[in-house]
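Numbering (this note's numbering), first residue to last: 71 to 379.
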Amino acid sequence: ARARVNRDTMHLVVPAGAVSFLALGDFGKLGSLPQRRVARQMGVAGDSLHLAFVLALGDNFYPVGVRTIFDRQFNASWDRVYTAPSLQVNWYVALGNHDYMGVPQAELDYSATNSRWKMPARYYSMKQHVAPGVDAEFIILDTSPFIAEYRGESQRYHVADADTVAQRTWLDSTLAASTAQWKFIVGHQQVFSGGPRGTQPELVALLESRMQRYGVNAYIGGHEHHLEHIVPRGSAASFFISGAGAENRGAEGREGTRFASGSLGFFAMSLTADSMLVQAVDAVGDLLYRASIGREDASHAPAQRARCA
Numbered sequence: 071a072r073a074r075v076n077r078d079t080m081h082l083v084v085p086a087g088a089v090s091f092l093a094l095g096d097f098g099k100l101g102s103l104p105q106r107r108v109a110r111q112m113g114v115a116g117d118s119l120h121l122a123f124v125l126a127l128g129d130n131f132y133p134v135g136v137r138t139i140f141d142r143q144f145n146a147s148w149d150r151v152y153t154a155p156s157l158q159v160n161w162y163v164a165l166g167n168h169d170y171m172g173v174p175q176a177e178l179d180y181s182a183t184n185s186r187w188k189m190p191a192r193y194y195s196m197k198q199h200v201a202p203g204v205d206a207e208f209i210i211l212d213t214s215p216f217i218a219e220y221r222g223e224s225q226r227y228h229v230a231d232a233d234t235v236a237q238r239t240w241l242d243s244t245l246a247a248s249t250a251q252w253k254f255i256v257g258h259q260q261v262f263s264g265g266p267r268g269t270q271p272e273l274v275a276l277l278e279s280r281m282q283r284y285g286v287n288a289y290i291g292g293h294e295h296h297l298e299h300i301v302p303r304g305s306a307a308s309f310f311i312s313g314a315g316a317e318n319r320g321a322e323g324r325e326g327t328r329f330a331s332g333s334l335g336f337f338a339m340s341l342t343a344d345s346m347l348v349q350a351v352d353a354v355g356d357l358l359y360r361a362s363i364g365r366e367d368a369s370h371a372p373a374q375r376a377r378c379a
């Protein structure tokens, strides 16, 4: 049975002293009306949360990525859409499969022309100070080259030159060297999903055991055009899907789903020393879901569980 959400009683919570960020994927639609509606609510949420940064989860430019740093989509799909003052923070960007239909290097090169667009490499990590003695590390992966489907369509997806062995080696060394108390892996494709694409087996093989071994708190991705929070049976980590930045599809959920919504929207996440507050906001500003995840136990029961059509 589906739990009904009383949206009238749910308001965005602003934890004192938290480091807050938004997670948004699959957004680059040339400033379409759905994209702008989501952007407007991101600005409102960001203002309340005193936003620190944004995670851009790939498929930044539809339908076929960008070609050069002068491509009009940088303005039409990003700079002229996310204009709210609260969104003028760093955007840490991942590549998606649609970005690989263009020239991915152009997105890296754009970092040199716009200081808010952060993509120093196709995969990289960045750290945030959360509280005295508590840091968070975000490991941003380039997930598309690991997917067999894209390697099998090399004329469409330009992943052939991506060295997945080097990236896997880098991931292992980064995880092993991390001293952060909070650890997150960020990528484009989902690992698990209650949506139409379902589980991505290549990423399950790449990430599931590594996340357990190194105490990674959560994976944050997009690709599926819905919002979802999954804690698979036996897992100590959460898996989030935030791929409804400009287009939405239904999601029924799966084993371990704590929340799934086919609404346009995004996740707002707030880190404190001991917990992470996760809030899902839709394109009209309704709060769909709220969950609190403990740092020492990522499977900590959420404050409110719901599944929305």
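Idealized CB from N, CA, C, for every residue including glycine.
* Asked: What's the C-alpha gap between Q374 and V159?
  -> In this prediction, Q374 scores a pLDDT of 39, lower than 50, which makes its location untrustworthy; the coordinate-derived value is nonetheless stated afterwards. The straight-line gap from Cα to Cα measures roughly 29 angstroms.
* To do: Starting from L189, trace the beta strand (DSSP E) both ways and give me its first and last residue.
  => Contrary to the premise, residue 189 reads as Met rather than Leu in this sequence. It is not in any beta strand (DSSP E) - M189 carries neither H nor E in the DSSP assignment.
* Hey, quick one: how far does the beta strand (DSSP E) through S345 stretch, first residue to last? -> 345-352
* Use the C-beta contact count for S312: other C-beta atoms within 10 angstroms, 16 or more gives buried, fewer gives exposed. => Buried, because 16 or more other Cβ atoms sit within 10 Å of the Cβ of S312.
* Grab the span of the alpha helix (DSSP H) containing E272 for me, first residue to last. => 271-284
* Below 8 angstroms on the Cβ atoms is my guess for F262 versus I209; work out the distance and round it to an integer in Å. => The Cβ separation is near 18 angstroms, so there is no contact.
* Less than 7 angstroms separating the beta-carbons of A307 and V286? -> yes
* Helix, strand or coil for E207, going by three-state DSSP, please let me know. => strand
* Asked: Do you know offhand how far L157's Cα is from Q270's?
  -> 31 angstroms
* From the DSSP output, read off the bridge partner residues of G323. => Bridge partners of G323: none, in fact.
* To do: Express the C-alpha separation of G335 and E317 in angstroms, rounding to a whole number.
  => 9 angstroms
* Test item: CB-CB of L127 and S90 under 7 angstroms -> Going by C-beta atoms, L127 is not nearer than 7 angstroms to S90.
* Evaluate contact between the segment 80-90 and the segment 335-351, counting only Cβ atoms and requiring at least three cross-stretch pairs below 8 angstroms. => yes
* To do: Figure out for me which residue from L92, H81, M80, A146 has the closest Cα to the Cα of G291.
  => Checking every option, the nearest Cα to that of G291 belongs to L92.
* **Option in Y284, T213, S340 with minimal Cα separation from D242** => Y284
* **Cβ-Cβ distance between Y193 and L211 below 7 angstroms** => For the 7 angstroms CB-CB criterion, Y193 and L211 form a contact.
* Asked: If you run the structure through DSSP and keep just helix, strand and coil, what is L100?
  -> Note: L100 maps to coil in three-state DSSP.
* N- and C-terminal bounds of the alpha helix (DSSP H) containing Y220 -> Run containing Y220: 218-221, per the alpha helix (DSSP H) assignment.
* Asked: How long is the line joining the alpha carbons of G265 and T342, rounded to whole angstroms?
  -> 30 angstroms
* Asked: Quick one: what does DSSP say V114 is sitting in, helix, strand or coil?
  -> The DSSP-derived three-state label of V114 is helix.
* Asked: Would the beta-carbon of D44 fall within 7 angstroms of that of H168?
  -> In the structure as shown, the chain starts at 71 and stops at 379, and residue 44 therefore has no counterpart that could be examined.
* Asked: Are A164 and E207 touching if we call contact CB-CB under 7 angstroms?
  -> no
* **For L94, the first and last residue of its enclosing beta strand (DSSP E)** => 89-94
* **Beta-ladder partner(s) of Q158, from DSSP** => Answer by DSSP bridge pairing: none, since Q158 is not bridged.
* Asked: Would DSSP call R238 helix, strand or coil?
  -> helix
* Residue closest to Q259, alpha-carbon to alpha-carbon, out of V351, M281, T213, L276 -> T213
* Asked: Near L82, what residues of its chain come up, given a Cβ to Cβ distance below 8 angstroms and the 5 sequence neighbours on each side ignored?
  -> A115, S118, L119, A338, Q349, V351, L357
* With a 10 Å radius around its C-beta and 16 neighbouring C-beta atoms as the bar for buried, classify H199 as buried or exposed. => exposed
* To do: Identify whether E177 lies in helix, strand or coil by the three-state DSSP scheme.
  => helix
* Extent of the continuous beta strand (DSSP E) to which G128 belongs -> No beta strand (DSSP E) holds G128; DSSP gives it neither H nor E.
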